[in-house]
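Residue numbers (the numbering used here), protein chains in the order written: chain A, 5 to 228; chain B, 5 to 228; chain C, 5 to 228; chain D, 5 to 228; chain E, 5 to 228; chain F, 5 to 228; chain G, 5 to 228; chain H, 5 to 228.
Positions of the beta carbon are idealized from the N, C-alpha and C atoms, including for glycine.
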Ligand SMILES: Nc1ncnc2c1ncn2[C@@H]1O[C@H](COP(=O)(O)O)[C@@H](O)[C@H]1O
Ligand SMILES: Nc1ncnc2c1ncn2[C@@H]1O[C@H](COP(=O)(O)O)[C@@H](O)[C@H]1O
Ligand SMILES: Nc1ncnc2c1ncn2[C@@H]1O[C@H](COP(=O)(O)O)[C@@H](O)[C@H]1O
Ligand SMILES: Nc1ncnc2c1ncn2[C@@H]1O[C@H](COP(=O)(O)O)[C@@H](O)[C@H]1O
Ligand SMILES: [Mg+2]
Ligand SMILES: [Mg+2]
Ligand SMILES: [Mg+2]
Ligand SMILES: [Mg+2]
Ligand SMILES: [Mg+2]
Ligand SMILES: [Mg+2]
Ligand SMILES: [Mg+2]
Ligand SMILES: [Mg+2]
């Protein structure tokens, strides 16, 4: 694994056979395969192609499939990442992020349906949001949720724009532009890029975890 | 005046002389002239060209100039319009709206510097916002303020996107797209279109005022 | 219901089962369910899932389904909203707006097929247009109808751009841009956002209705 | 002259000296020079550089300069072109078109300030508009005027979008898109392309004039 | 028929039944129905719905269907319109234009496959192109053909951009922009707007025909 | 200070007087003022307006001014942030980020002129890049540097697109799009948003520093 | 064949029958047919329509079909073209380029999966890349590979942007913009334009081959 | 010099002093300095800063300055590059290309003012165009010239779009899109990127020259 970021196979645009071949190779070389944007036929092909001893975890809403070889030794970080969503349509991208984070060994806390039009629900979950070491906030339509959350916490926030919304600024473009223009401090990833948001938060979590567990190592030492 | 909306002279793009000529004509025919986006040389030329008995009201931040002939009889509505802004850069567009509203006879209440990154300040002014018959909410950058306000009140909200922000989605495009994609119910006007926002809110205020003061007239009667 | 705006379930992008689950929950909690952009399978699933005592109203052109529990007590406003369209392709968005308005208790008057290329028909319906307290004017292609109507009436006009038209400026973008650039006073909503146009006009209608029926309540009192 | 379209020198972006050199050459070879988008320094330089016997015609609003050598024999067409504008900001582009048309020998009739928000004024000038052989209709902002006019006449209409309007769709883009999306029959030219609109109308006028004056020539004969 | 432009039914986006109903009404009121962008099911439904005495003309490449009642009296113009295309992908839009022109009574001459990359073929057809009273030149990809043709003829040219081409500037946007930027004199219509191009050329042809056949009528008289 | 992010005054677009007033207020309330995008007249006005005991730090390339009151107690983090640039035109945005980071108490290491066209220089600085806890990589034109760096390190990378480059994709749009499309894991901020990049990296640095120095506090505790 | 560039039939958008007819004509007149973007039904139809003596070469990943008549005499160039790709999704466009190059007679060397995120692999193939006379470098997402390669070689590089990548800058737009903004020296073709990239590289290869094999011909002599 | 491409200093956006410092360094290290987009103050500062023995070549239209140390040994290629332009506004970008080519040692032949609207002039220069080893064709507005030229020659053509043209597709965007969509075989560079076009043509010229002069070296050998 490069940078502690697990390689993932973007199933969308690949045939079931191609996905299966790549998954077999990944399990063979790294003990693990992760498929994103996987349809049911990708999943069947991969499950068929792999050994019965391999453990599978399919997440329908996140459209992911994770396969662990029997001897796979999962990483474990001493850090927490919060993943918040504004509505049900944000579930796929946010779920993809959560799966990657779990595969990177982070503790993931989910906060769902906290839209900007219902501020009460955001305020209710403030403690959970503040307890994380880093936050991913997913939002479609006008994409204002990361801005509102970042105004309330002391934690780095990564905005994840989602391709909901029709008409002008639809397909996530308004959400992305809004996050880039945010009047608070956030960084962002591309529309629907749950994998990138998750992996970036995972890299931050790993930096925090390393710092938390390091004893007398030099600052910022490269542990790759 | 068409539709109870006072004619305004868009000074920008006109010479001082052109603006003065139009202002003289307006005062002569309607007893009033309103200049928007007026620079100081427009103001001087208009003041010079008009009679000493004319009363002037220059608003520097709104970049407006209002001239009333001695016998001008201002309209008076029995309705209140709230005008909220997220920051000082919204002052010009919001001020332009406020001037038009006052010229239409509405009572205007201003709520300033209530940005989405400081939700406390929004909540502090909730009563004022709720007391209005219709609200204009101006916001630049990501333009989330009208959405947040509309989630908290029971009043029609008109979003006024402002051309702040640099980079992708700058020049007010992110704010406009965000308002069009709002997950609450708002309508919007073009970027920096303070005059349109003010006049549209004024038309709503007039409808409310007419309803409030009508006795036994038929519903929706045309009073033009 | 928030802001007197009935919650609606945007069926498009949801499975029939998801729509049905949400509809059952909505009827249970509020006595009513409204589906927008509902295909026939959404409708069947919702009708199947709900009690026989529930009354249904399916509008094919508007693609809406409304369900009322036997004890549902519909709101009633003392205000009229006019909904005008330029052609048959505007019927879906305009119909969605009309359904929401009726559910908010407004009286809705429809004026159809009054395109800018046939000014005579616009002029024929001027009295109906002038009799409304607020107008929604839907238009596709170049979207000029709201501008033409607003030049003829004394009523607030909300422009509703519709995604007709091919080539450059198609998918409603020319209509939206034209309404934002209108040389008259209108506010606008996003392309095909019939729900938002209807709900915003409903909020104005409610403000007018409240004013019409209030006796000695303080101005702009919050009735939520 | 190619196609009967007089060569014009686009002064903008050229130095005064470059413009003068080109003008001298044009007068020498064709007996005429036409400058478009000419600032005052272009004009002075050209007037200085040319013979005293040359007759000049400067149009300030159109920003054109026309120079005729003493022996220049102007063309004369037996056809009329109407040029209509929605407002004063359309005067430059429309004026440029009118100057080209006059240089091509057409009779030009001007109809000014007939905006879509004031339909009465359009209807007042209907006879003038209908009497032309071909019409140019200039409009900025939402650019609806050519559509409205084309719905009322039997004449070919060329839309000329003008770069007025700020915010989304500004710089003439909304007007251009609206004309391309027009629900009537018009063709269009680029934003502010008064020269092109004038020359295209002039080519139509020439075809009409040729037809009007031809006796027994074969149909569509090439007179170049 | 408004403006001598026959009403056409845009079949695309309509059901076969809707198209048939509209066609029956058109034949009843005007003796003729014209369908554009008509698929085979539209055609069958219309043929079924109409009387056996009605004469049909289906053009597969143009995707049009024309129906004439037995007593329909077709117009006849004394003018010729040339329709040129750069390649086979331009055939649909150009064909649509040609059908409309024929229904308006113009003589149509077609010049096909004269792309800018094969200048020889353009030069071969120069006489045909020069013999027309007005030209429609359709082109996709970079859309340069109308410019090249206009540089060679003395006739008004209407550019018709076609939605061929993939990647940046695809879907006809490069062709449209190129025609608007043409360094010769042309006007243009929207991408794939064969109907508009044909009708506009037809209006010019009618003006020429009227001029050709008028005897002592006043210039530009309105014959509607 | 909200979120440990120091408030900064965006001088650009403000008069020197406005900037000075805001700076005086900031020093009074927080002991510090930071101006970004400050021109020389902003700097003079601020220096004049503040007490002689205030210590100033002007960075010409970063266009920042920092003012510390005598009793200001700067924060100190136990974390390192690397700031890399591709060329001299990236210096302003990167410098702005560095100043914010220093004001947040981070150790900043700069790596300059490591463009993708000269990979050798990138490889030379690999140790410095790997020693940081978090990296900001600024790049204009095609913006590929953050991708190349992220492929070589184990550290979170924040991309900072810079508005260099002319023609298509200029003004930083190609760089931004390239970072959003990166085939490695990075998050990004808006074009030229050095302040946001610096503050976001500072929040990560603070999370790492807190983890490094915490003893037995609960994971992710909120220290605000 | 024009310019030594073999004519190719773009099968996409054509029916199988149309493709077959064009292929038969091409084989008859030039001894060869090349189909690009050919689906399986195009291939079957062409194979069926052609003589049994014709030799076929179907490339599934490149989606091409080449047919050679028995007597076809393939060209042969004394020049090598390298074709490099960043990932499997670049295979179609790159393969199309390679097929055209082979048909033009060039020697083609392929270098696959050398992404910018794995610089090691690029460096491993440096000798192969340097040995070519001209290079095509295909890349999707952020499109940085041609820039990185061009910084390492002495050979002309043609960038071929590929339509991978989702969200903002997807569909190859970020890759294209990045190549146009490259801080090294490359030229580019449109997104997915494998045919154009191949043919342009082939023209360069032919120029080099001609130079390599010429004896005492004049410089740059036209061998067409 | 990397890749045989001389380093150039992009003066625009740099102060005269910065440019002079860079020029002195360049002359010292390589015996030569090339400034592009150089204004007069850049030129003066560079001339002042350099030794009197340095030979200068200022090209006003190309906006370049070349400085050669007394001992500078210019490269010499056995290859010819043609540079064609459509009009005077293309002179700056084309001139920049020509200067770079001369500095790379190529023979440059210029063909000027051969616009697509005047095909005769293109045909007049066909021999010159065909005699080159590689062509750069610059064009603004609709950018059709490279397409027309490429259809007439057997030589590789590099399109150079120029930022002329106003309105939609202005600033060179229509020209760029048209070249990318060209129905002939060309590659392109960014708008106004004369330096890139020149250097890319220079790399091709060098490959041809190497082939022309090589005796028994291996194919494609790297001579860096
Ligand atoms: N959902 C995703 N979004 C963005 N990148 C992804 C995603 N899933 C996998 N990837 C990345 O894409 C690369 C695989 O690309 P590919 O070779 O096309 O399967 C992996 O190395 C991941 O870094
Ligand atoms: N057609 C529609 N357009 C825009 N918003 C809608 C529409 N229908 C429902 N909504 C809103 O979307 C919300 C439901 O979103 P969802 O949770 O995705 O079903 C409701 O609260 C409505 O405010
Ligand atoms: N205002 C204008 N807009 C568009 N084209 C123009 C204009 N004025 C002159 N032209 C055309 O531009 C050509 C002159 O271009 P130039 O050589 O740049 O002066 C003339 O042949 C005219 O066809
Ligand atoms: N006119 C130009 N257009 C594009 N790139 C240029 C130009 N002039 C110089 N360059 C390139 O830009 C680099 C210098 O950039 P800079 O360090 O900003 O001066 C040189 O290495 C050249 O490759
Ligand atoms: Mg959301
Ligand atoms: Mg704001
Ligand atoms: Mg319409
Ligand atoms: Mg107008
Ligand atoms: Mg074509
Ligand atoms: Mg860079
Ligand atoms: Mg790639
Ligand atoms: Mg040109």
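In terms of beta-carbon proximity, residue 120 (chain E) lines the interface with chain H, with at least one pair separated by less than 9 Å. Identification of chain G residues near residue 171 (chain E) by a Cβ-Cβ cut-off of 7 Å yields 176, 194, 195, 196 and 197, ordered along the chain.
Our two residues, residue 177 (chain E) and residue 17 (chain E), have alpha carbons roughly 22 Å apart in a direct line. Between the alpha carbons of residue 35 (chain G) and residue 114 (chain H) lies a distance of about 39 Å.
Non-local C-beta neighbours of residue 89 (chain B) in its own chain, meaning closer than 6 Å and more than five positions away in sequence, comprise 98, 116 and 142, ordered along the chain.
Legend: CB atoms of the stretch 88 to 109 of chain G lying less than 9 Å from CB atoms of chain A belong to residues 92 and 93. Linking residue 52 (chain C) to residue 66 (chain C) through their CA atoms gives a straight-line distance of about 21 Å. Residue 42 (chain G): not part of any alpha helix (DSSP H); DSSP gives it neither H nor E. Residue 38 (chain B) has a beta carbon lying at 9 Å or more from every beta carbon in chain C. In this structure, residue 185 (chain D) lies away from residue 122 (chain C), with their beta-carbon atoms at least 9 Å apart. Within the same chain, 186 and 188 come within 6 Å of residue 151 (chain D) by CB-CB distance, once the 5 residues on both sides are set aside.
Residue 178 (chain G) carries a helical assignment under DSSP once its states are collapsed to helix, strand and coil. Taking a Cβ-Cβ cut-off of 8 Å, the neighbours of residue 218 (chain B) in chain C comprise 216, given in sequence order.
Distance from the Cα of residue 100 (chain G) is smallest, within the candidate group G:25, G:39 and G:109, for G:39. Secondary structure at residue 201 (chain B): helix, using DSSP grouped into helix, strand and coil. Judged by beta-carbon spacing, residue 134 (chain A) lies within the 9 Å limit of residue 158 (chain A), meaning their Cβ atoms are closer than that value.
Within the same chain, and ignoring the five residues on either side of residue 80 (chain E) in sequence, the residues whose Cβ sits closer than 7 Å to its Cβ are 109. Looking at the DSSP output, residue 13 (chain C) shares a beta bridge with C:39. In the DSSP annotation of this structure, the continuous segment of the alpha helix (DSSP H) that includes residue 132 (chain B) starts and ends at 130 to 135. Boundaries of the alpha helix (DSSP H) around residue 104 (chain D): 95 to 107.
The beta carbon of residue 201 (chain D) is closer than 7 Å to those of 101, 140, 162, 164 and 193 in its chain, skipping five residues each way along the sequence. In terms of Cβ geometry, residue 208 (chain E) and residue 160 (chain D) form a close pair [threshold 9 Å]. In the structure shown, residue 87 (chain A) adopts extended strand secondary structure according to DSSP, grouped into three states.
What residue 13 (chain A) touches in chain F, judged by beta-carbon distance under 7 Å, is nothing: the nearest beta carbon there is about 14 Å away. Between residue 147 (chain D) and residue 146 (chain C), the C-beta gap is smaller than 9 Å, which places the two residues in contact.
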